[in-house]
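To start, the structure under review is shown below, and the notes come after it.
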Amino acid sequence: MPKTKNKPMRNLFFWIAAGILIIILWSFVQSPTLAKKDITFSQFMTEVEARKVEEVTIQDNQIRGKFTDGQTFRTVLPAGYADLIKILRDNGVNIVVKDTSRSPIFALLISWFPILLMVFFWIFFMRQMQSG
83 MPKTKNKPMR NLFFWIAAGI LIIILWSFVQ SPTLAKKDIT FSQFMTEVEA
133 RKVEEVTIQD NQIRGKFTDG QTFRTVLPAG YADLIKILRD NGVNIVVKDT
183 SRSPIFALLI SWFPILLMVF FWIFFMRQMQ SG
């Protein structure tokens with residue numbers, strides 16, 4: 083008899099572990115797969131002036147971008163560098179500025195909410211089927 087009490091609990095742990103694994107795999111699939119190369123700001127400016135930078139995304143003090151050969155990079159924007167936008171425009175770089183008014187935790191919750199909701203309903207229905 084004790085084995086039957088332990089089995090549903092073990093099944094529940096198995097499905098929770100499987101759900102966590104699926105969520106982790108989903109996170110890897112959703113994250114950018116291109117390798118980002120960390121470069122210094124001086125290297126970044128040299129590449130911009132050589133017209134080797136195709137696009138940049140500026141968010142807070144982070145600059146992420148793409149070279150003309152398709153390789154991605156990231157660097158840190160120094161505080162008070164007001165001439166950057168003008169230099170980028172003069173060298174034909176496509177500029178994207180992202181708003182950071184939303185909390186990263188809020189964005190994380192929004193992206194994970196549908197998955198967690200599906201896992202909750204799946205567990206709920208599995209328990210209902212076992213009791214009936």
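Going by my numbering, the sequence shown opens with residue 83, and the numbers climb by one from there.
Every residue, glycine too, gets a C-beta built ideally from N, C-alpha and C.
By DSSP, does residue i sit in helix, in strand, or in coil?
i: Val158; result: strand
i: Val178; result: strand
i: Met83; result: With a pLDDT of 46 at Met83, under the threshold of 50, the predicted position of this residue should be treated as unreliable, though the coordinate-derived value follows. Met83: coil per DSSP, three-state reduction.
i: Arg133; result: coil
i: Ser185; result: coil
i: Ala99; result: helix
i: Asp165; result: coil
i: Gln210; result: helix
i: Asn173; result: coil
Using the Cα positions of residue i and residue j, report the straight-line distance between them to the nearest angstrom.
i: Leu166; j: Asp151; result: 22 Å
i: Arg171; j: Asp142; result: 19 Å
i: Ala161; j: Thr128; result: 19 Å
i: Trp204; j: Ile106; result: 18 Å
Out of the options, point me to the one whose CA is closest to residue i's CA.
i: Gln153; options: Ile121, Leu190 and Phe202; result: Ile121
i: Val178; options: Ile140, Leu103, Ala99 and Met200; result: Ile140
i: Asn176; options: Met127, Val135, Ser109 and Arg92; result: Val135
i: Pro196; options: Gly101, Asn93 and Ser124; result: Gly101
i: Glu131; options: Arg209, Trp194, Asn173 and Asn143; result: Asn173
For residue i, list the residues DSSP reports as bridge partners.
i: Gly147; result: Val138 and Phe155
i: Asp120; result: Arg156
Would residue i pass as a contact of residue j if the rule is Cβ separation under 8 Å?
i: Phe95; j: Lys118; result: no
i: Ile169; j: Leu159; result: no
i: Phe123; j: Thr157; result: yes
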